[in-house]
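A.B. asks: Please find one structure pasted underneath; my questions will follow.
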Amino acid sequence: MINESEVRRKYSEIKEIWSNDDRWHVHTRRKIDGYVREFLMYDTVLDETDKILLVGSAGNSHGLKLENMIHLDISEKFLSPPNSIAATVTNLPIASNSIKAIVCVGSVINYTDIYLSLSELSRVLIAKGKMLIEFESSWSFEYLFKKAFKKHACISETFYQNKKEMLWVYSDTLVVGLAKKFGLGVDYERHIHILSPLLFRFTGLQNLSSKVSFLDDAPIVKGLLSKYASNVIICFSKFSE
């Protein structure tokens, strides 16, 4: 199991969340920031009173300055008052049906029990509210020929800032199925790092492998291989109650 206290300690001691020396995650952050901006500026209709919850944000607003942004993270280190909360996604200190838009990226749910996480996120989201979730997929070519490959849920070894770490990896089928159980329907999906995990699987060199990430935008790659992406982003809408 993933130890919550260890995760909190790790992110309380880390110098920076996105290191420029880690090209793989530099690319990941650039793509995530773009998708979050698209989600909040074009996919979600917000007024001045609507609340936006950024889960696991570490204080990152993705280049946006919007009213009523609430930053939530397991560690206080990168949070700044007043609109910030140190808490976990599996136990949100937020009123039910009070949030219009949720952003949960940076593989936050890969450190957690996904059932509890989706339950809590759905609880605080208002009816017809929208949620953008990003997670690391068990279908990634990174896990080809490994125990975790294509499993619905499995703890497996991966990497972060050039170091090994253990994470839960989940299948798209599991995430979408559980989300539906909690009243969430899929609007669309996006994918990051499609071919680069295959190169990484056979070289073990993350910075070298990340250089082929530009090929992910090729229509043939998107059309035939996107299900093998390392990172999956899904936009959900909450059904009317």
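Residue numbers 40 to 280, in the working numbering, belong to the letters of the sequence shown in order.
Ideal Cβ placement from N, Cα and C applies to all residues, glycine included.
(1) With 16 as the cutoff for other CB atoms within 10 Å, does residue 30 come out buried or exposed?
(2) Please classify residue 178: does DSSP put it in a helix, a strand, or coil?
(3) What residue range is occupied by the uninterrupted alpha helix (DSSP H) comprising residue 238?
(4) Can we say the stretch 264-276 touches the stretch 230-237, given the rule of at least three CB pairs closer than 8 Å?
(5) Take residue 132 and list the residues in its own chain whose beta-carbon comes closer than 6 Å to its own, dropping the five residues that flank it on each side.
(6) Thinking just about the alpha-carbon of each residue, which of 56, 107, 205 is nearest to the one in residue 120?
(7) Spatial neighbours of residue 47 within its chain, please: CB distance less than 6 Å, with the 5 preceding and 5 following residues excluded, ordered by chain position.
(8) Identify the residues that DSSP records as bridge partners of residue 93: which are they?
(9) Does residue 141 pass the burial test, meaning 16 or more other C-beta atoms within 10 Å, or should it be called exposed?
(10) What whole-angstrom Cβ distance do residue 208 and residue 175 have, given they're in contact under 8 Å?
(11) Could you work out which residue in 124, 228, 276 is closest to residue 261 when comparing CA atoms only?
C.D. replies: Working from what's here:
(1) Past the edges of the chain, shown from 40 to 280, lies residue 30, and the structure says nothing about it.
(2) By one-based count along the sequence shown, residue 178 stands at place 139. Residue 178 falls in the coil class under three-state DSSP.
(3) For the purposes of this step, residue 238 is identified with residue 199 of the sequence shown, where counting begins at 1. Its alpha helix (DSSP H) spans residues 235-242.
(4) yes
(5) Taking the first residue of the sequence shown as position 1, residue 132 is located at position 93. If we look at residue 132 and ignore the five residues flanking it on each side, its Cβ neighbours are 126.
(6) In the sequence shown, counting from the first residue as 1, residue 120 sits at position 81. Ranking 56, 107, 205 by Cα distance to residue 120 puts 107 first.
(7) In the sequence shown, residue 47 corresponds to position 8, counting from 1. For residue 47, where only same-chain residues beyond five positions count, the Cβ hits under 6 Å are 113, 114.
(8) For the purposes of this step, residue 93 is taken as residue 54 along the sequence shown, with counting starting at 1. As DSSP reads the structure, residue 93 sits in a beta bridge with 110, 142.
(9) Looking up residue 141 in the sequence shown gives position 102. The residue in question, residue 141, is buried, as its Cβ has 16 or more Cβ neighbours within 10 Å.
(10) Looking up residue 208 in the sequence shown gives position 169. Looking up residue 175 in the sequence shown gives position 136. Residue 208 to residue 175, Cβ: 5 Å. Contact.
(11) Taking the first residue of the sequence shown as position 1, residue 261 is located at position 222. It is 228.
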